[in-house]
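Basically this note's numbering = 1-based index in the sequence shown + 4.
Notes for the one structure printed next.
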Amino acid sequence: MFLNNILFWIIATPFLAAFAVKLLPVRVAIKAGMLFLLAQLTLCGVIAAPVFSSKVLYLVIKNIFFVADPLSFVFGITSVFIGVFIYLFAVGYFAEEAPREQQKFAFWGLVFVGSMMGVVFSDNLISLYFFWELAGLCSWRLIGFYRKDEHLLKADKAFLITSAGAGFMLLGFAYIYIITGSMSISQIMNMQVSPFVFALVFLGVLTKSATLPFHTWLPDASVAPTPVTSFLHAAVLVKIGVYGLARLFGTTLIVSGNVMWAGYLALLSSFAAGVIAMRETDIKRILAFSTVSQLGFMVAGLMVFNPIATRGVVIFYVAHALGKGCLFLCAGIIEKFFGTKDIKQMGGLMKKAPLLTYAFLFSMLSVAGFPPLPGFYGKLETITGMLVGGHVFYGLFAILTSALTLMYMMRLFSNVFMGDGMEIKTERKGFAPMGVAAVLLATSSLVLGVMLVL
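Dropping the structure here:
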């Protein structure tokens with residue numbers, strides 16, 4: 005009972021915190037939000053050992069079930085962990101913003117994290133859909149954070165695309181209920197559904213995970229403040245799609261027919277996004293297309309329905325969340341340094357900002373799958389699962405996209421950190437917490453890599 009109550013507070017804390025920051029002085033809103041997330045992270049630590057020792061935790065609220073098992077716990081704690089560093093970064097990033105802007109970010113960011121908790125711990129398809137859409141609402145509000153016309157158009161685009169996909173997913177859930185007679189994820193374990201039902205749910209996953217041809221909203225969302233883009237790419241929104249696919253079709257339902265087309269589509273998305281990233285010059289758009297590419301890799305890994313590949317995808321999810329979260333934080337600092345997002349107008353940061361170089365380099369290499377960083381182990385297991393399952397083309401194409409990732413990441417690193425030193429602006433307030441957040445997040449990737457070796 006005690007641990008079940010802890011699960012309640014893990015889910016409830018970000019929502020309660022969101023309303024608490026509305027009551028606190030506006031100037032301390034982000035710092036207060038960070039403290040609430042630290043408290044939530046501590047609660048996650050309390051249930052970690054029981055969950056990984058095969059003790060599944062159940063929570064019932066008004067006949068709606070929530071469940072904590074290893075899969076949901078990994079996705080949940082990763083989001084909270086990265087959220088702490090995003091809020092630390094935001095303390096510096098918004099230091100020169102109006103206090104009301106700081107409070108606005110603190111509120112919506114906490115609701116964003118709460119929606120992720122609702123998705124990953126839901127044991128009911130309706131509650132999963134509710135929190136899925138709540139995350140979309142938060143992203144709409146945060147992408148249009150500054151309420152400029154251009155930003156609002158980008159926010160509307162993201163909301164419309166992801167909501168349309170969610171509508172198809174809801175229709176798929178209705179078919180699942182008709183077939184199985186239950187909305188409980190636990191009760192439909194190992195039941196069969198048709199490829200048509202899979203396709204409906206998969207459409208929802210495609211839009212949330214920004215997979216070709218529904219990917220365009222994610223690079224456009226780069227107009228949002230850096231803490232928001234880090235949330236979108238690393239901690240919450242796009243990872244919801246990967247979790248939904250892993251939960252419903254990786255561990256629960258069985259598809260009665262051939263759905264290999266879904267994996268091929270994901271691999272095509274991964275490769276195409278990598279090619280586009282090679283041509284981009286906007287640092288945030290490069291990282292955004294990189295996210296599209298890595299999401300395609302993860303979706304393809306889940307589509308082989310192999311436990312080795314699924315485990316690899318989960319490991320790479322954590323590695324990508326840590327790495328891409330750090331890369332976006334670094335990109336925010338770099339943009340403040342140079343006053344531009346154009347990598348052609350940058351250079352020479354290696355000598356002027358060695359700690360930033362360290363954070364960017366190791367995060368970049370982890371996302372690219374360079375040993376012994378955690379991204380390597382995730383990609384290795386995913387590709388191994390593809391090959392063991394007899395999907396040789398999947399495996400070879402995944403290796404190709406991984407090589408492409410390293411190429412455009414090295415191009416990005418070379419333009420920003422190598423070459424002649426460009427003039428940078430360091431007089432701005434708030435660089436200290438921004439830098440600390442990026443360095444600590446990069447160090448977390450290194451620590452995880454060491455843990456996976458041991």
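Backbone N, C-alpha and C fix where the C-beta goes; we use that ideal spot for every residue, glycine too.
Since we're looking at a predicted model, the values are computed, not measured.
Cβ neighbour criterion (16 or more within 10 Å) applied to residue i
i, result
"Asp224", "buried"
"Thr46", "exposed"
"Phe218", "buried"
"Glu100", "exposed"
"Arg251", "buried"
"Pro18", "buried"
"Met193", "exposed"
"Val296", "buried"
"Val308", "buried"
"Ser57", "exposed"
"Leu291", "buried"
"Gly261", "exposed"
"Met413", "buried"
"Gln44", "buried"
"Asp153", "exposed"
"Ala102", "exposed"
"Met187", "buried"
"Lys355", "exposed"
"Gly343", "exposed"
"Phe332", "buried"
"Ile258", "exposed"
"Trp221", "buried"
Rounded straight-line distance, which links the Cα of residue j to that of residue i
i, j, result
"Tyr181", "Met121", "23 Å"
"Arg104", "Tyr91", "16 Å"
"Lys328", "Ile81", "16 Å"
"Tyr268", "Thr388", "17 Å"
"Gln349", "Ala228", "21 Å"
"Pro29", "Met438", "22 Å"
"Thr166", "Asp424", "42 Å"
"Leu134", "Gln298", "The sequence shown places Phe at residue 134, rather than the Leu named in the question. When rounded, the distance between both Cα atoms is 26 Å."
"Gly305", "Tyr381", "14 Å"
"Ala170", "Glu137", "7 Å"
"Ala335", "Thr230", "8 Å"
"Leu365", "Gly352", "14 Å"
"Tyr97", "Lys345", "16 Å"
"Ile183", "Val32", "51 Å"
"Val246", "Val322", "12 Å"
"Gly37", "Leu391", "44 Å"
"Ala446", "Leu360", "10 Å"
"Phe1", "Ser449", "Outside the displayed span of the chain (5 to 458) sits residue 1, for which this structure offers no information."
"Glu385", "Lys26", "44 Å"
"Gly87", "Leu132", "21 Å"
"Met302", "Ala72", "22 Å"
"Val443", "Ile244", "26 Å"
"Cys142", "Lys158", "14 Å"
"Gly379", "Asn128", "31 Å"
"Ala441", "Ala363", "10 Å"
"His155", "Ser294", "21 Å"
"Gly176", "Gly208", "9 Å"
"Gln106", "Gly113", "11 Å"
"Ala270", "Phe397", "13 Å"
Residue i (DSSP reduced to helix, strand or coil)
i, result
"Asp346", "strand"
"Phe464", "Here the chain covers residues 5 to 458 and nothing more, so residue 464 does not appear."
"Phe71", "First, the amino acid is wrong: residue 71 is Val here, not Phe. Strand at Val71."
"Leu61", "strand"
"Ser126", "strand"
"Ser406", "helix"
"Ser83", "helix"
"Gln196", "strand"
"Ser186", "coil"
"Ala541", "Only positions 5 to 458 of the chain appear in the structure, and residue 541 is not among them; the question remains open."
"His395", "coil"
"Phe98", "coil"
"Leu377", "coil"
"Pro229", "coil"
"Met422", "coil"
"Gly140", "helix"
"Ala363", "helix"
"Lys66", "coil"
"Gly329", "helix"
Residue i Cβ short of 7 Å to the ligand ADP heavy atom set
i, result
"Val246", "Annotation note on the ligand ADP: not contained in the displayed structure, which lists no ligands."
Subject >> Sufficient close CB pairs (3 or more, under 8 Å) joining the segment 403-419 to the segment 271-288 >> reply: The segment 403-419 is in contact with the segment 271-288.
Subject >> Uninterrupted alpha helix (DSSP H) stretches inside the segment 247-321 (no shorter than 4 residues) >> reply: Counting only runs that start and end inside the segment 247-321, the alpha helix (DSSP H) elements of at least 4 residues fall at 264-283, 287-306.
Original post:
Within the chosen definition, does the segment 70-85 reach the segment 317-337 through at least 3 CB pairs nearer than 8 Å?
Top reply: The segment 70-85 makes contact with the segment 317-337; the number of CB pairs closer than 8 Å reaches 3 or more.
Subject >> Completely contained beta strand (DSSP E) runs for the segment 200-225, where each covers 3 or more residues >> reply: Along the length of the segment 200-225, whole beta strand (DSSP E) runs at least 3 residues long do not occur.
Original post:
Between the segment 54-64 and the segment 7-23, do at least 3 Cβ pairs fall closer than 8 Å?
Top reply: Result yes; three or more Cβ-Cβ pairs closer than 8 Å.
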